[in-house]
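S.K.: Let me give you the structure first, and then I'll get to my questions.
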Amino acid sequence: MDGLVYADDPSQGFVDGRRFAHPGMGIAFEAPGGFSLTNSPEAVKIQGPQGSNLAAEFSGGRLGRGGLEDYAYAVLRQAAGQTPVQAGRPERTRINGVEAVILRGYARTRSGGVELTVAAYSPGGDSAYHFLALAPSGRAAGLDPLIGSFRRLSAEEARALRPRRIEVVTVGPRDTAETLAQRMAFEDLRRERFELINGLAPGQPVRPGQRVKLVTYGRADRALRP
């Protein structure tokens, strides 16, 4: 178990709280406060605060001959399926220096009106990336900060990204559960996460000589460097 990758597969990029970064693709974005991110091989799922009914997903594909506008329309059509959608005119813009197209649509569902927004980006080459954002009628602006956060990673930022790995250590005479938890590669809930992966009850102490698991940052994978 020692050295195994924990959580995100480096080839799928890294989720750190509300932030996502992919060193191989050289891109990153950040969700607004209260949002949560879930990474998967197909897409990054983005969920708004409880009760907001705001949601989005981030994915990518190939940029065809029709450019970003055709790409955005294709994403919207695929998302809508058989549901009729009123699509607006695509808006060409630049977001953090990256060429982008914003395409907004509206659909009626059994639960009410839904605003669909496709934000497509072309950071270079034949690759394109997009957010597909859904919001109740009149609430789409709540996803604008997410759409506006897409950016390129610098080479330095990409090199600094490292996968989390399991590290098995022996508890020393001066170690406590709290001091060991402070070595965990998380911004919050370090003690709770330490107790969870080691099967400890809340507040349960550790003893010298005991073998425990930590989640720490491993070395940056050379294959992921741009």
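In this note's numbering, the protein residues as written are 3 to 228.
The beta carbon of each residue, even a glycine, is placed where N, CA and C say it ideally should be.
Note that the coordinates shown come from a computational prediction; the quantities given were computed from them, not determined experimentally.
Under a three-way DSSP split, which group does Ala76 fall into?
M.R.: helix
S.K.: Are the segment 194 to 201 and the segment 58 to 71 touching, with three or more C-beta to C-beta distances below 8 Å?
M.R.: no
S.K.: Looking at Ile48: is its Cβ nearer than 8 Å to the Cβ of Pro125?
M.R.: no
S.K.: For Arg161, tell me which candidate among Pro86, Gly26, Arg195, Ser113 has the shortest Cα-Cα distance.
M.R.: For the residues Pro86, Gly26, Arg195, Ser113, the minimum Cα distance to Arg161 belongs to Gly26.
S.K.: In three-state DSSP terms, what is Pro86?
M.R.: coil
S.K.: Shortest alpha-carbon distance to Asp146 belongs to which of Thr119, Ser139, Ser129, Glu158?
M.R.: Thr119
S.K.: Can you tell me where the alpha helix (DSSP H) holding Arg193 begins and where it ends?
M.R.: 192 to 199
S.K.: Under three-state DSSP, which class holds Glu169?
M.R.: strand
S.K.: Could you have a look at Gln14 and say whether DSSP puts it in helix, strand or coil?
M.R.: helix
S.K.: Is it right to say Glu112 is buried, meaning 16 or more other beta carbons lie within 10 angstroms of its own, or is it exposed?
M.R.: In the sequence under discussion, the amino acid at residue 112 is Arg, which differs from the Glu named in the question. By the 10 Å Cβ count, Arg112 comes out exposed.
S.K.: Work out the CA separation of Ala122 and Tyr73 for me, nearest whole Å.
M.R.: 7 Å
S.K.: Run through the DSSP bridge pairs and tell me what Ser61 is partnered with.
M.R.: His132, per the DSSP bridge assignment.
S.K.: Distance, Cα to Cα, Phe16 vs Val87?
M.R.: 33 Å
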